[in-house]
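The block underneath contains the structure these notes are about, expressed in C-alpha cells.
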Amino acid sequence: MSERRVELEVLRYHPETDAAPRFQRYSVDCREEWVVLDALNHVKETLDPTLSYRWSCHMAVCGSCGMMINGEPRLACKSFLRDYQGVIRVEPLAHFPIERDLVTVIDDFMAKLKRVKPYLIPAQARALEQGEYRQTPAELKRYKQFTLCMNCMLCYAACPEYGLIPKFIGPAAISLAHRYNQDSRDGGRAARQEEIAAAEGVWECSFTGACSEVCPEHVDPAAALQQVKIKSTVDWYLAHLMPWLKK
Amino acid sequence: METVHTDVAILGAGGAGLRAAIALAEADPKLRIALISKVYPMRSHTCAAEGGAAGVIKPDDSLEHHFHDTVAGGDWLSDQDVVEYFIREAPRELVQLEHWGCPWNREPDGSVAVRSFGGMQKQRTWFAADKSGFHILHTLFQTSLKHPSIERFDEFYATELLLDEGRCAGLVAIEMRSGRLVRFDARAVIVAGGGAGRMFPFTTNGAVKTGDGMALAYRAGVPLKDMEFVQYHPTGLPSTGTLLTEACRGEGGVLLNKNGRRFLQDYGMGPETPLGKPVFKTMELGPRDRISQAFWHEQKKGNAVPTQWGDAMLLDMRHLGEKKIDERLPLVRDMSISYMSVDPVTDPVPVRPVVHYMMGGIHTDIRAATPLPGLYAAGECACGSINGANRLGSNSLTELLVFGRRAALSAIEHLQSGAPPASDAALAGGAAAAQARIRELMQRSGGGETVAGLRKEMMQAMEQHAGIYRNGEGLAEACGKLADLRRRYARIELHDRTNVYNTDLLQALELGSMLDCAEAVVASALERRESRGAHQRLDFAARDDAKFLKHSLAWYGGAGAPRIDYAPVSITSSQPGVRDYSGAHA
Amino acid sequence: MSRKPYLREETMRWVFRHPRYLRYMAREFSCLFIGGYGLLMVWGLKRLSEGPAAWRSFLEVLQSPASIAFHVLALGFALYHSVTWFKLTPKALPVQVGGEFLPDGIISGAHYAVWAALSLAVLILAGAF
C-alpha cells in the first residue's frame, strides 16, 4: 500500500485567542487512496486534537465537510489526495463567517432556506386513506435533480454574487424552492414567488454558473435560477400585457 | 445557566426525531417543541440509508407476509405485538411521506414503485433510487420548516438527562458554538439519537453515530435491550466501509468468491438462482446475518478475494447493464468508482461485511415508552423490538417513521395525564452537577489518557471479540478490556480547553457514550450462550429457545460492570421455527 | 461571550480565483461592445435622417481603421457572448419530451439554427443576394 507525505496548510482561527485567521502547516503521512478528510482526521488523531471541522458520512451525502481546497469549494470526503500535488491548502467555505478553524456559521443559509418555503404545498388536498398522489416517472424526472441538494453550500462559496451581496437568497435555497414548484403535486408557486422572484431572489443572480460547476450532486442550481427567471418574466408579461387572463 | 422551558424536548434531529417533532406540531400547534441535535438535521445519518423503506402496498403482498418475514428474519426475538403494530402503520407512514413530497420512484401508471430486498418474500421496499434515506431525511426536515412551533437547537450536544422523582423532566446540553451549557426543562423527552456503530473500526456509520442517546438513557437508569445484536451488512467497500445497498442484490447483483462461485448456495441459501433473476428470500436475497456469516466461512476456507484492504468477496452487477445501474443505483456506481476505482458496469466490485446497525437499544415498549416515565425513544437508538436478532433491510427507515410518530403521540398522552411539574430545585441541582462534571473534564490534567488512544483500543477490542462470530473467552476478555478502558476514561485529558466549537471535548464525550454502549454489547453477548441471528457464538453454535428466547437487558452499573437480566419476548401468532432461506418455499 | 465569528470580506480578487470567473467577466464585458455597436447604429440612423451627405460621411467614418478594429472586436465579443449564451440555453429552457429531457445539443442547436435563419433573412432583406 503506497504511502505519501502530504503537506497540509490549514486555516486556523480561534476566536478566544486569535485576532484573525492564520495558516498552520501539517506534514501528514497519508495513504495514496485517502481523501483530504482522511488526512484531516489523521491530523486530529495524531498531531493536533485542537483542529475543528465538521464531518460525518464520508460518502458525500451528509454535506458536512464542505471546505475550500486549494481555493475551490469541495467536499473534503470526495477530494482525493491523488488529484493534488504539492501543498494542499484547506480553508473554511468562502463567504461564510468563520466560527472556528474550518467551521463556518451557516445561520444565514438556514434562515433563507426557511424563507423560500421548501416543502410541498399541495395543489389538491388528499387524505392518507386515498393513498399516494399519482406521479408518472416523467413528472418525477421534471424535478428530481433539484431534490438532490444536500445543503453542503459549496454553491454559496462559489457564487461571487453571494460573496458581494450577502442578502442574495442564493443557489441552493432557490433550487429547492424550484424543486417544489416543478413537482406535479405542488400548488405553492405563488407563495414562493414573493421571496424567490424578488430582487434578493433570482434577480440578484447574474448567471456566473459557478454554482453548477462546483455542485457535487450535479443539482445544477444555475439551471433552476434561470428557469425561475424565465417563468417570472412570463408571469410579468402576462400580468401587464394580458391582465384579463388573470382570474 | 440559561433555562429553556419547553413541553417536549427531542434529542436527535434525524428521521425519528424529525418525524416526532412534526407529529407533535400537527397534533397541537400550541405545544412548545425543542428539537435538539448535535448536528444540523440534514447531517443526521438517516441521509446515508440507501435501499428503501418497507411497507405493504401492492395487491400481491399482505401484512401477514411482512409480519412473517420480519419475525423469522429476526430469529423470533422480535416482539410480535410490536411487529403487528409496525407493519400495520408502515404503509400509512410511507404514504404520509409521499404526501409531504418524498420523490419515491414510480411505476409508469404513477403509483409508487417497490423493489426486492433481502429476506422479504414480496417486493415491498419503497425507494428513491439508492438515496432513499437522504430523501426521507430531507423531506422530513423541509416539512418541519413549515411548523413554527418546532424550535431547533442545532449543534447542541446533550450531556445528561434531568430526573425528578423518578421521572424524566429535561436535559442539559452544550451549545457547540459558544460552549455554554443550557438547561432544558421539558415535560417529556424523546430520545432519537441514532445507533452506535462507531464503536467498531470498520462501519458504514458516519462519525456522528456514537450512541449518545443510548448512553444518556442508560445512565439515567433505563436498560439497554438486546445490545449483543450488531448487524453486519454484507456489502461494504473494503477501503472505506462505505455501504453498497442491498438493492444491488435486490436488482439482481450476485456475490462471488475468488473462484467465481456464487457461494451462498453452499450455506443453506441455495440452490443457485438464474443470473439476473433474483428469487425472493434465497441466495443473494437471503438475510444479512446469514450472508455475512457465509462470507466468514468462505474466508476461513481460503475462498475470499484478497485486496490491499484485506479479504473480500465480489459483488457482480455487470449483467444489470449501464442503464439500469444508472437509473436505480447511481450512488453505488459513483461510490465504487470514487472509493474503489471499480466501475460496476464493467467489473465486479470487491465488498466485505461491515458493521451497519444496532438491533439493540433503549428498552421501549409498543408505545415507544421507556420504563422511565416521561422518557420515550425511537429510531435506531430504541429497541421496541421489531428487529429481534437480525433486522431485515428496509425495515429501519419505516421503523423510524412509525415509532417517531408513536413516541410523539405517547409524549402527548403523558402531557395530558396531568403529571405535576418537576421541582425546580431538583432540575437545578441536576444541571449544576452536569455542569460540574463538564468543568472537571475540561480542567482535568495529569491523567495522561487521550481520546484517540482509548478510542482505538476500544475499536480493536470490539472488532476482535464482538464481530460476526464470537466466543466466551474472547467476550470475557473484551468485558475486561472495556472495564479497563472505562476506568482509564476517567483519566482522559483534553488538549483543548476552550469554549468555541471544541471538538476535542465533543469527541471525549462521544467516546464516553461509546464505551458505555460497547460494554453493554459485550456483557450482553457474553451472557447469551446461544447463537441467534446476528449473535453467533462458536462455543454455543445452536439457537437455544428454552434458555434464551428472551430479551437481554443491560442495566448501568456506574463504575462497575453492567448487570444483565432478561425480559420475555412477546409471541402472538408465530412460534419459533426454522429460518428457511433455501429457496424451497419459492 | 466567547464567540467572535470572523468574516473574510470578498474582494475583487475573486475574478482571478478560477478561470471560470474570468470567462464570466469576459462574457459580461462583451456588453460594452454590443452596447457600443448599438449606439453606433443609432448614430447612423440619425445621420441618415440628416440627408445623403451626412450618411456618406458616416459611411466614411465606418471605413476608418479604428472603426474596423472596433467592428472586429465587437463581432468577436458578440460571437463569444452568443456562443456562451447558447451553451447555457439548455439550462434555462429544458424541454421534456415523453419522459426524457431533450439532449443539450438539440436545445442549443435549435438556437443556432434560428440565429442562422434570422441572419439569412436580414442578409436577404439587405439585398446581399
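Quick mapping for you: the protein sequence lines, in order, are chains U, W and Z.
For the first sequence, the numbering used here assigns the number 6 to the initial residue and increments by one for each residue that follows.
For the second sequence, the numbering used here assigns the number 11 to the initial residue and increments by one for each residue that follows.
For the third sequence, the numbering used here assigns the number -15 to the initial residue and increments by one for each residue that follows.
Glycine included, each C-beta is placed from N, C-alpha and C at the ideal position.
Remember, predicted model here, so these are calculated numbers, not experimental data.
For residue 507 of chain W, the CB contacts under 8 Å within the same chain, skipping 5 residues up- and downstream, are 452, 453 in chain order. DSSP places residue 332 of chain W within a helical segment (H, G or I) once states are collapsed to three.
Under the Cβ criterion of 7 Å, residue 193 of chain U is not counted among the residues facing chain Z. By the criterion of a C-beta distance shorter than 6 Å, residue 260 of chain W is surrounded in its chain by 125, 126, 127, once the five residues flanking it on both sides are discounted. Residue 135 of chain W has a beta carbon lying at 7 Å or more from every beta carbon in chain U. Judged by their CB atoms, residue 370 of chain W and residue 219 of chain W are not nearer to each other than the 7 Å cut-off. In the three-state reduction of the DSSP assignment, residue 524 of chain W falls in the helix class, which pools H, G and I. As the crow flies, the alpha-carbon of residue 578 of chain W is around 22 Å from that of residue 241 of chain W. Under a criterion of Cβ atoms nearer than 7 Å, no residue of chain Z is adjacent to residue 223 of chain U; the nearest Cβ is some 12 Å distant.
Not one beta carbon of chain Z lies nearer than 7 Å to the beta carbon of residue 115 of chain W. Taken in chain order, the unbroken stretches of beta strand (DSSP E) that lie wholly in the stretch 295 to 380 of chain W and span 3 residues or more are 315 to 317, 320 to 326, 359 to 368, 371 to 373.
Assignment of residue 236 of chain W by DSSP, reduced to helix, strand and coil, places it in the coil class. For residue 97 of chain Z, the enclosing alpha helix (DSSP H) covers residues 88 to 109.
Residue 37 of chain Z: member of the alpha helix (DSSP H) spanning 36 to 46, first to last residue. Residue 89 of chain U has its alpha-carbon roughly 22 Å from the corresponding atom of residue -2 of chain Z. DSSP places residue 79 of chain U outside any alpha helix (DSSP H); the residue lies instead in the beta strand (DSSP E), whose first and last residues are 77 to 80. At a cut-off of 7 Å, the C-beta of residue 135 of chain U has no neighbouring C-beta in chain Z. Selection W:293, W:197, W:207 evaluated against residue 590 of chain W yields W:293 as nearest (Cα-Cα). The Cβ atoms of residue 42 of chain Z and residue 28 of chain Z sit closer than 7 Å to each other. With its beta carbon less than 7 Å from one in chain Z, residue 213 of chain U belongs to the interface.
When 7 Å is used as the limit between beta carbons, residue 120 of chain W is near these residues of chain U: 139, 140, 141, in chain order.
In the DSSP assignment, residue 94 of chain W falls within the unbroken alpha helix (DSSP H) covering 90 to 109. Rounded to the nearest angstrom, the gap between the Cα atoms of residue 169 of chain W and residue 378 of chain W is 22 Å. Per DSSP, reduced to three states, the secondary structure at residue 213 of chain W is strand.
Per the coordinates, the alpha-carbon of residue 516 of chain W lies some 12 Å from the alpha-carbon of residue 505 of chain W.
Beyond the five residues adjoining it in sequence on each side, residue 20 of chain U comes within less than 7 Å, by CB distance, of 105 in the same chain, given in chain order. Chain W places a beta carbon closer than 7 Å to that of residue 60 of chain U, counting this residue as a contact. Less than 7 Å divides the Cβ of residue 42 of chain U from the Cβ of residue 60 of chain U.
Distances from the CA of residue 77 of chain Z to each of U:36, U:239, U:231, U:249 were compared; the closest alpha carbon is that of U:231. Following the DSSP letters along the chain, one finds residue 61 of chain W in no alpha helix (DSSP H), marked with neither H nor E.
Pairwise C-beta distances place the stretch 2 to 10 of chain Z in contact with the stretch 208 to 221 of chain U, as three or more of them are shorter than 8 Å. Separation of residue 340 of chain W and residue 122 of chain U (C-alpha to C-alpha, rounded to the nearest whole angstrom) is 28 Å. For the pair of segments examined, the stretch 133 to 152 of chain U was found not to touch the stretch 168 to 177 of chain U: the number of CB pairs separated by less than 8 Å stays below three. From the listed residues W:158, W:559, W:76, W:114, the smallest Cα separation to residue 141 of chain U is found for W:114. A check of alpha carbon separations from residue 39 of chain U across W:489, W:316, W:443, W:250 identifies W:250 as the nearest. Residue 525 of chain W is not a Cβ neighbour of residue 489 of chain W, given a cutoff of 7 Å.
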